Amino acid sequence: MRRLTDIDIKYLKGVGPKRADTLGKELDIHTYYDLLHYFPSRYDDRSKVVKIKDVASDNSAIQVRGRFIVINTVGEGARRRVQGLFSDGTGTLDVVWFNRLKYVQDTYRVGVDYLLFGKMSIFNGRISLVHPEIDPGDTIVDNQGLQAQYSIPEKLKTRGFTQRSLRQLISTLLASMPAVEETLPPELLRHYGLMPLREALECVHFPKTREQADRARARFKFEELFLIQLNILSYSRNRKANIAGYTFPRIGTFFNRFYSDVLPFSLTEAQKKVMREIRADLGSGRQMNRLLQGDVGSGKTIVALMTSLIAVDNGYQACIMAPTEILACQHYESLSAMAGKIGVRVELLTGSTTKKKRDELHASLLDGTIHILVGTHAVIEDCVEFRRLGLVVIDEQHRFGVAQRAKLWNKSTSAPHVLVMTATPIPRTLAMTVYGDLDVSVIDALPPGRKPIMTMLQYENRRREVNSLILGQLKAGRQVYIVYPLIQENEKLELKDLLQGLDATRLAFPGYEVGMVHGKMRPAEKDEQMQMFVSGKTRILVATTVIEVGVNVPNASVMVIENAERFGLSQLHQLRGRVGRGADQSYCILMTKPNIAADTRKRLEIMVETTDGFVIADADMKLRGPGDIEGTMQSGIAFNLRIANLASDSDVLAVARQAATMILDSDPLLERHYSLREQLRIHFNKTAGWSRIS
Ligand code: ADP
Ligand code: MG
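Numbering-wise, our numbering puts 627 at position 588 of the sequence shown, and it's gapless, one number per residue.
Below, the structure written as structure tokens:
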């Protein structure tokens with residue numbers, strides 16, 4: 040039996056090479072499989088024909104049957120259109136076309152029966168249908184049940200490729216297809232009561248009832264998420280089975296001396312729990328692959344250091360990577376200060392390290408005299424070699440997916456342990472997909488003595504009150520961030536906003552030093568500005584989002600976010616996390632223009648109501664959809680789900696993961712599930728290669 044994924048769409052009756060080309064380019068439909076898995080975005084209820092006199096002005100889709108009384112071309116230039124007066128004997132309505140006027144004039148006739156379907160609007164007090172779907176009278180079926188509607192780009196529509204064309208192609212294919220092999224194992228179909236493939240294909244495209252459509256969609260959602268989970272879980276199981284991890288059995292003098300002599304506070308229970316989990320991994324003989332989630336300020340850095348010290352105690356080196364130069368420097372400074380006290384050598388390697396210093400570092404890494412290397416993730420791209428790299432810590436790396444992590448393996452003969460730390464609380468569903476191969480630890484409590492940050496939503500016209508709050512904090516010796524959004528499309532405008540902000544700030548707070556950082560600065564300049572703020576020389580820092588990640592200035596107590604409506608929730612949460620790091624009350628002020636839309640205000644109010652990063656991350660994903668969540672695009676997984684939605688289908692995802700676990704438990708190498716093995720090969724090997732081991 041030939042696989043649907045192997046048959047080129049051009050062989051389908053009614054397609055041909057030219058149309059095949061268009062389908063490929065515009066809809067990513069290349070094969071029979073792709074066409075059948077181009078799922079409807081919604082269904083129209085075409086089971087009822089209404090009388091025009093009964094139509095209420097409720098702006099929904101209607102279906103009417105009748106005849107055109109007149110059809111005319113009217114208007115000039117851009118306003119040129121075809122207008123038809125349509126009657127069903129009980130009343131009349133207007134039908135309007137703006138595109139393909141000649142086709143319309145040539146096709147539709149006065150006095151002939153038609154069935155019209157479309158979304159109605161009221162224009163000049165009259166019912167109007169713009170570009171309705173039109174079926175000629177002799178073919179009319181009054182009850183067409185539910186009708187699938189697909190997303191079709193404007194470009195295709197103007198070329199005459201309509202909903203009907205697509206439905207026609209799918210129906211031709213379904214009718215001419217002799218048999219399709221079921222892709223899910225029978226035990227899963229049975230266990231979860233899923234609709235079989237053939238039936239589901241019919242029902243998802245041509246459902247008779249809403250229930251049929253729902254059941255068909257449920258099957259495909261399940262299948263889609265199941266395959267992803269099967270892939271990621273078999274990947275991580277394989278890795279566990281095949282890649283030896285270093286065993287770090289010892290808790291030695293470095294760790295113990297650090298714990299008793301250097302650690303400036305006692306660990307929180309949450310930190311202790313995480314350390315226990317990490318120690319269990321490191322002692323297991325398996326490679327650790329652990330995701331450490333902890334809200335901003337929860338104290339992940341110390342966990343990274345103590346984990347590194349265990350590596351050092353066992354004769355290995357550790358590497359700690361940060362996403363930005365500033366962060367790498369800050370880590371380097373705080374870590375070397377602490378580690379230096381117990382004779383552990385920490386060094387820094389970034390893009391701006393000089394050639395001479397770099398050569399020196401390379402040598403000391405090779406001879407093992409450097410214990411811990413801190414750097415930007417340039418260190419894994421670079422030709423850096425270690426003597427015995429045993430641990431890699433990736434900090435704040437929500438941009439680091441499976442594929443990127445796999446690169447680390449090349450750095451040592453056996454795979455180093457990997458600890459990924461993130462402060463962007465990743466929604467559970469996303470974590471299971473992007474980081475599904477990792478074990479997860481959570482630091483779910485902040486160090487004691489922190490006051491929750493007070494968050495306020497303020498309109499532009501309350502600027503004076505806001506400034507007086509800021510002034511009060513400055514007088515009390517505190518520091519202030521003022522952040523402007525990045526305007527990617529227009530760098531000039533961005534800089535202008537920022538410079539104006541700088542001027543306004545200087546005017547409003549005379550006598551207080553104001554610094555500025557933005558993404559376009561040279562690294563040295565940026566560092567200098569950051570350092571001045573860290574040291575307290577500048578009291579106010581005007582910045583773009585370059586300060587977003589990880590910067591630690593405990594004396595800062597106010598975070599003002601200008602044009603807050605332009606930021607995503609997760610980003611706002613990150614920014615807010617820059618304050619509230621000391622014991623005193625801190626403030627986060629979200630400034631917006633007065634007339635923001637209701638849903639925007641609702642979004643921002645979530646920030647006011649909660650400081651729980653997980654709640655915020657979930658809300659963010661529900662509001663924006665998973666594709667827009669920071670990091671997913673760069674995560675190494677192409678996130679083009681065909682039907683499932685990570686925001687709304689978390690239940691299905693949980694079930695799919697359970698099913699994948701069940702299958703792998705009973706058949707780890709999928710030896711008895713040939714079809715599943717084939718599908719993993721077909722669907723995943725051609726993407727980033729992330730299903731492959733090492
Ligand atoms: P993050 O998780 O955002 O990386 P950090 O590791 O930077 O947080 O920690 C934030 C601040 O909290 C630091 O100043 C750190 O020294 C402090 N800190 C960490 N753990 C504790 C603790 N158990 N008790 C008190 N302060 C702590
Ligand atoms: Mg941190």
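Even for Gly, the Cβ is constructed at its ideal location relative to N, Cα and C.
Please read all numbers here as calculations on a predicted model, not as lab measurements.
- Counting along the chain, the unbroken beta strand (DSSP E) around R120 starts and ends at R120 to S126.
- Distances from the CB of A462 to the heavy atoms of the ligand MG include at least one below 7 Å.
- By the neighbour-count criterion, in which 16 or more other beta carbons inside 10 Å mark a residue as buried, K565 falls on the buried side.
- Shortest gap from the CB of T340 to any heavy atom of the ligand MG: under 7 Å.
- With a cut-off of 7 Å, the C-beta of D434 is classified as near the ligand MG, since at least one heavy atom of the ligand falls inside that distance.
- A distance criterion of 7 Å places the beta-carbon of R315 beyond contact range of the ligand ADP, judged by its closest non-hydrogen atom.
- As DSSP reads the structure, D84 sits in a beta bridge with L185.
- Counting C-beta pairs with one atom in each stretch, the region 211–221 and the region 101–111 have fewer than three that are closer than 8 Å, which means they do not touch.
- Annotation for V313: L331, V342, S480 and I482 place their beta carbon closer than 7 Å to its own, counting only its chain and skipping 5 residues before and after.
- With a 10 Å radius around the Cβ and a threshold of 16 neighbouring Cβ atoms, G123 comes out buried.
- Each of M471, A117, S714 and F156 was checked against the Cα of L132, and the nearest Cα belongs to F156.
- Remark: the C-beta of S337 is in contact range of the ligand ADP, defined as less than 7 Å to any heavy atom.
- Scanning the region 95–162 for uninterrupted alpha helix (DSSP H) segments of 4 residues or longer gives 140–146, listed from N- to C-terminal end.
- In the three-state DSSP reduction, P466 falls in the coil class, being neither helix nor strand.
- Relative to the ligand ADP, S215 has its C-beta separated by 7 Å or more from all heavy atoms.
- DSSP, read as helix, strand or coil, puts T389 in coil.
- Separation of the CB atoms of M234 and L469 is rounded to 27 Å, and the pair is thereby denied contact status at 8 Å.
- Inter-residue distance for A582 and L266 is about 43 Å (C-alpha atoms, whole angstroms).
- At a Cβ-Cβ threshold of 8 Å, F425 and L348 do not count as neighbours.
- Checking the DSSP bridge columns, you'll see M630 partnered with Q497.
- Sequence-distant Cβ neighbours of E364 in its own chain, meaning closer than 8 Å and more than five residues away, are T389, G390, S391, T415, P562, K565 and D566.
- Of all alpha-carbon atoms in G322, A699, R620 and A255, the one lying nearest the alpha-carbon of P491 is that of R620.
- Cβ neighbours of K247 within its own chain (closer than 8 Å, five residues either side excluded): G184 and L185.
- When C-beta atoms of the region 266–275 are compared with those of the region 682–701, three or more pairs fall below 8 Å, so the two segments count as touching.
- With fewer than 16 other Cβ atoms from the protein chains shown falling within 10 Å of its own Cβ, D145 counts as exposed.
- For a cut-off of 8 Å, the C-beta gap from P466 to A656 is around 5 Å, short enough to register as a contact.
- Contact annotation, Y82 with Q202: C-beta distance approximately 11 Å; criterion of less than 8 Å not satisfied.
- Boundaries of the alpha helix (DSSP H) around Q310: E308 to L321.
- T307 has its CB nearer than 7 Å to a heavy atom of the ligand ADP.
- Collapsing the DSSP output to three states places H401 in a helix.
- Between K158 and F125, the alpha-carbon positions lie close to 15 Å from each other.
- Annotated as distal: I645 and V505, with beta-carbon spacing of 8 Å or more.
- Annotation: V431 to D706 spans about 32 Å, alpha carbon to alpha carbon.
- Distances from the CB of R617 to the heavy atoms of the ligand ADP are all 7 Å or more.
- CA-to-CA, the gap between N353 and I433 works out to about 20 Å.
- Between V351 and V383, the C-beta gap is smaller than 8 Å, which places the two residues in contact.
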